[in-house]
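Number of protein chains: 2
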Amino acid sequence: MAEIYASVDLGGTNIACIFAGADGRVVGEKKAPTQSHEGPQAVLARIAELVNCLAAEYGNKPAALGMGIPGLADLKSGVTKFLPNLPTQWRDVPVRGVLAPKVGCPVYLLNDVRMATLGELVFGHGRTSRTMAFFALGTGIGGGVVVDGKLRLGPLGAAGELGHQTILPDGPQCGCGSRGCLETLASGPAITAEGVRLMLSGLAPKLYELVRGETSAITPKEMAAAAEAGDARVKEAIVRAARYLGIGVANVVTILHPDLIVLGGGVAAIGPLLFDTVRATVRERVGMFPTDDIAIKPSLLGERAGALGGIALAMKGGLLPD
Amino acid sequence: MAEIYASVDLGGTNIACIFAGADGRVVGEKKAPTQSHEGPQAVLARIAELVNCLAAEYGNKPAALGMGIPGLADLKSGVTKFLPNLPTQWRDVPVRGVLAPKVGCPVYLLNDVRMATLGELVFGHGRTSRTMAFFALGTGIGGGVVVDGKLRLGPLGAAGELGHQTILPDGPQCGCGSRGCLETLASGPAITAEGVRLMLSGLAPKLYELVRGETSAITPKEMAAAAEAGDARVKEAIVRAARYLGIGVANVVTILHPDLIVLGGGVAAIGPLLFDTVRATVRERVGMFPTDDIAIKPSLLGERAGALGGIALAMKGGLLPD
Chain A
0 MAEIYASVDL GGTNIACIFA GADGRVVGEK KAPTQSHEGP QAVLARIAEL
50 VNCLAAEYGN KPAALGMGIP GLADLKSGVT KFLPNLPTQW RDVPVRGVLA
100 PKVGCPVYLL NDVRMATLGE LVFGHGRTSR TMAFFALGTG IGGGVVVDGK
150 LRLGPLGAAG ELGHQTILPD GPQCGCGSRG CLETLASGPA ITAEGVRLML
200 SGLAPKLYEL VRGETSAITP KEMAAAAEAG DARVKEAIVR AARYLGIGVA
250 NVVTILHPDL IVLGGGVAAI GPLLFDTVRA TVRERVGMFP TDDIAIKPSL
300 LGERAGALGG IALAMKGGLL PD
Chain B
0 MAEIYASVDL GGTNIACIFA GADGRVVGEK KAPTQSHEGP QAVLARIAEL
50 VNCLAAEYGN KPAALGMGIP GLADLKSGVT KFLPNLPTQW RDVPVRGVLA
100 PKVGCPVYLL NDVRMATLGE LVFGHGRTSR TMAFFALGTG IGGGVVVDGK
150 LRLGPLGAAG ELGHQTILPD GPQCGCGSRG CLETLASGPA ITAEGVRLML
200 SGLAPKLYEL VRGETSAITP KEMAAAAEAG DARVKEAIVR AARYLGIGVA
250 NVVTILHPDL IVLGGGVAAI GPLLFDTVRA TVRERVGMFP TDDIAIKPSL
300 LGERAGALGG IALAMKGGLL PD
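Note that the protein sequences, when read in sequence, are chains A and B.
Per numbering that gives the first Met the number 0: the first sequence = residues 0 to 321.
Per numbering that gives the first Met the number 0: the second sequence = residues 0 to 321.
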């Protein structure tokens, strides 16, 4: 029986667990709500339950477990450090130490977006790339950078924070403490906030129809549909955000000259209007060398990039900081 | 007799040639005006003369020659490609093919600022660094990036163009075709232009004294002296440029988490006002991880970074694109 690996993606809302082989073929999958307010011990017990349940179904324990966390961990010890979106009691939790005996295999941690980048590298578009950057465009903007085939981690596993480049020096306040970060201009909430404003100002009639006037139903994808249906102001809002994103991409291109840029996360669901604007902005902004050969693509793995990154992490026996 | 290496730095104004051993000890040095209007053949003949003259003085031919060019070359063939500051006839010049027989040793090309980065890596502060970025702050802003001990070149030798990050999306027109690049805000000319304006507006009395009213004598260093002597508006102008530079540095830190940032070139002569402002800006702008361990330093090699980079390039037998 071939070895099987487990992956857990710990999010603020959900825990996603998969089992897959070394070829990335998924053989089992389970989800559960995180309920982080119950505290780390309860959540880790729930994770162990998911893993053990999948192991029972599959008939074999995993050889190793790769786990993505929304923040930073000490990669050597598997202890959490800085998790901005979880309650403070999540700091300094020895996740590896607690979880490994419960699941009966080694546990390796990594930042969730770096893990998704690893997934794209090992099982996605990155297979044919040497140097790439992954932008995870969701509630925040996370990132990961691969240089010459190696995921760049830096000394704290914190390199690759592509969403926290400054794009507008005097721009909106960012959760990270700085101002005008890419995340404040092109994340899901940044884009939908403008959709809400336009709809409430009567400037987005198609969007109003699509979401039946429900502001909470507005997503970047719905806004793209409204733009397509004729909402010119909504289209402008998307193009503005995509231009800012294009500047962030162009900066990475100028610094590293990668052959591949992958745009993942919910904002990427906007589709061609986003990708075409980003591509045009990169052409405009990178004046020092031709950029025609640089592919700018949606994630090949989509929502599974993180989960499959966990499989890759487990197969590699974890990653150490640079 | 130990092997000796030669280095040539081809600038728009001067050609600088040195001979040095594998330890970086310089044993001979010559300069000549470039006079690029005479055309590549004449300039290459002049370079060969400098090299052969130093070889005669030293009593031995160099084992190899590393040559920095202000632009891009095909690193495999040693043919020039894009040299924005030299006349167009400098495009597609087979420098290696022409020069190697004249000097009697192999010739290796590299972009001049990537060569200076290599110098700092092999003989300067980079010796104790794993990942660093070099900002060459002169007439333009060039750069070089070292990741895990390896100078990043990209497929065209064009990676590391740190001066062409966008800092102000609607900022001043840049020579590269984009707008608001770091180079338009913090290069020597960007800073001195504001010094000239302030002096001509009567807002820089100390600067006026220092340069005796001669606008052409204004340099970033003179402006630093005027700021120190009490010209508050000149100080503001320097701090503004240094903050933009700090944003460019912070972007690189956020993306790569290097352990070392080296600031070289004439603008670095501003000294503590520049460095302290850059350090403060990096602290403000990088919110995702602590930056206290990241050294931000002037070049250890100063004006010799490029020349010694050529020695390192010669010793390595050239570099190939990534």
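Idealized CB from N, CA, C, for every residue including glycine.
- Taking a beta-carbon distance threshold of 8 angstroms, R284/A counts as an interface residue toward chain B.
- For the region 151-162 of chain B, the set of residues with a beta-carbon nearer than 7 angstroms to any beta-carbon of chain A comprises R151, G153, P154, L155, A157, A158, G159, E160, L161, in chain order.
- DSSP places T214/B outside any beta strand (DSSP E), giving it a letter other than H or E.
- Per DSSP, I237/A is one residue of the alpha helix (DSSP H) stretching across 231-255.
- Annotated as proximal: V251/A and I254/B, with beta-carbon spacing under 8 angstroms.
- For K101/A, there is no enclosing beta strand (DSSP E); the residue is part of the alpha helix (DSSP H) that begins and ends at 94-102.
- For the region 231-247 of chain A, the set of residues with a beta-carbon nearer than 8 angstroms to any beta-carbon of chain B comprises R242, Y243, I246, in chain order.
- Put simply, of G77/B, L244/B, G65/B the residue whose alpha carbon is nearest the alpha carbon of T165/A is L244/B.
- Residue state for E227/B is assigned as helix, using DSSP reduced to three classes.
- In the DSSP annotation of this structure, N13/A is not part of any alpha helix (DSSP H); the continuous beta strand (DSSP E) holding it starts and ends at 13-19.
- If only uninterrupted beta strand (DSSP E) runs of at least 3 residues are considered, those enclosed by the region 33-101 of chain A are 64-68, 71-73, 78-81.
- For D147/B, a Cβ of chain A is located within less than 8 angstroms of the residue's own Cβ.
- Within the region 96-111 of chain B, contact with chain A at the beta-carbon level (separation under 7 angstroms) is assigned to no residue.
- For the C-beta of M287/A, the chain B residues within less than 7 angstroms are, from N- to C-terminus, A157, E160, H163, C175.
- Judged by pairs of C-beta atoms under 8 angstroms, the region 113-129 of chain B touches the region 308-320 of chain B, as three or more such pairs exist.
- Look at A249/B: its C-beta is under 8 angstroms from a C-beta on chain A.
- In the DSSP assignment, P271/A falls within the unbroken alpha helix (DSSP H) covering 271-284.
- For P171/A, the closest Cβ of chain B is not nearer than 8 angstroms.
- Scanning its chain for C-beta atoms nearer than 7 angstroms, with the 5 sequence neighbours on each side dropped, one finds around P154/B the residues P320, D321, in chain order.
- Taking 8 angstroms as the CB threshold, H36/B stays off the interface with chain A.
- Residue burial annotation: D169/A is exposed, with fewer than 16 other C-beta atoms found within 10 angstroms of its C-beta.
- Counting C-beta atoms within 10 angstroms of its own C-beta, D8/B has 16 or more neighbours from the protein chains shown and is therefore classed as buried.
- Distance between L43/B and D111/B, taken at the CA atoms: about 16 angstroms.
- Straight-line spacing of the CA atoms in A231/B and K205/B works out to 10 angstroms.
- Secondary-structure assignment with DSSP links G142/A through a beta bridge to F134/A.
- The beta-carbon distance between V106/A and V94/A, rounded to whole angstroms, is 7 angstroms. This is short enough to meet the 8 angstroms contact definition.
- When DSSP states are grouped into helix, strand and coil, G170/A belongs to the coil group.
- In the DSSP annotation of this structure, the continuous segment of the alpha helix (DSSP H) that includes P188/B starts and ends at 187-199.
- Close partners of D321/A in chain B (Cβ separation under 9 angstroms): R129, T130, V146, D147, H256.
- Taking each of G162/A, A132/A, L199/A in turn and checking the Cα distance to L181/A, the smallest one comes out for G162/A.
- The count of Cβ pairs closer than 8 angstroms, one atom from the region 1-19 of chain B and one from the region 27-45 of chain A, stays below three, leaving the stretches out of contact.
- With fewer than 16 neighbouring CB atoms inside 10 Å of its own CB, G11/A falls in the exposed class.
- The shortest C-alpha to C-alpha distance from G174/A to any of M287/B, I310/B, A19/B, A21/B is the one to M287/B.
- For the options A157/A, A158/A, A192/A, E160/A, the alpha carbon positioned closest to that of P171/A is the one of A192/A.
- Where D22/B is concerned, there is no enclosing alpha helix (DSSP H), because DSSP gives it neither an H nor an E.
- Assigned with DSSP and collapsed to three states, E28/A falls in strand.
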